[in-house]
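Numbering of the sequence shown is given in our numbering, commencing with residue 23 and proceeding in unit increments. Below you'll find the structure, written out as structure tokens, and then a few comments.
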Amino acid sequence: MRRIDASDFRGKPQNYVAELSVTTEELEGLWGPNEVTWDDLGPWFTFAFALSDGILAALVREVENAPNPGYILTAIGESPLADILEAFLRESGFDAGRVQRRGFE
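Structure representation (structure tokens):
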């Protein structure tokens, strides 16, 4: 897994994979400063990655008024979401206990 520029995190479909219990400080300690991206809802803290199998994944969190603590894991492509989550956890070193909600259950 390698960090990529948030501007390279693009494509379709983009899928909600899971919500993870991680903090901005923790992510910045692992991968450096966050990037801020924008969509129709406003600004998002973003950490984007290319997984070893080529899947693009990102951890995102609304900058203002996030409805839940932690980050949303989102990915681009047609791969099964459970497989993406498993690969992300394995490559990031996070354990399954960090998963607060799965988007595919």
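Every residue, glycine too, gets a C-beta built ideally from N, C-alpha and C.
Taking the alpha carbon of residue i as the point to measure from, which residue in the options has its own alpha carbon closest?
i, options, result
"P65", "V121, L42, A28", "A28"
"I26", "E86, E84, I77", "I77"
"N90", "V121, G54, L52, N56", "V121"
Exposed or buried, what is residue i when buried is set at 16 or more other beta-carbons lying within 10 Å of its beta-carbon?
i, result
"F126", "exposed"
"A79", "buried"
"T45", "exposed"
"L73", "buried"
"R83", "buried"
Could you give the DSSP three-state label for residue i: helix, strand or coil?
i, result
"A118", "helix"
"A40", "strand"
"T45", "coil"
"I98", "strand"
"A28", "helix"
"A88", "coil"
Residue i bridges to which residues according to DSSP?
i, result
"F67", "V58, R83"
"A72", "R24, L78"
"R112", "Partner(s): none; R112 has no beta bridge."
Rounded to a whole number of angstroms, what is the C-alpha to C-alpha distance between residue i and residue j?
i, j, result
"V39", "I106", "8 Å"
"F31", "D75", "15 Å"
"F69", "V58", "9 Å"
"E47", "E100", "31 Å"
"L49", "D62", "24 Å"
"R112", "I94", "17 Å"
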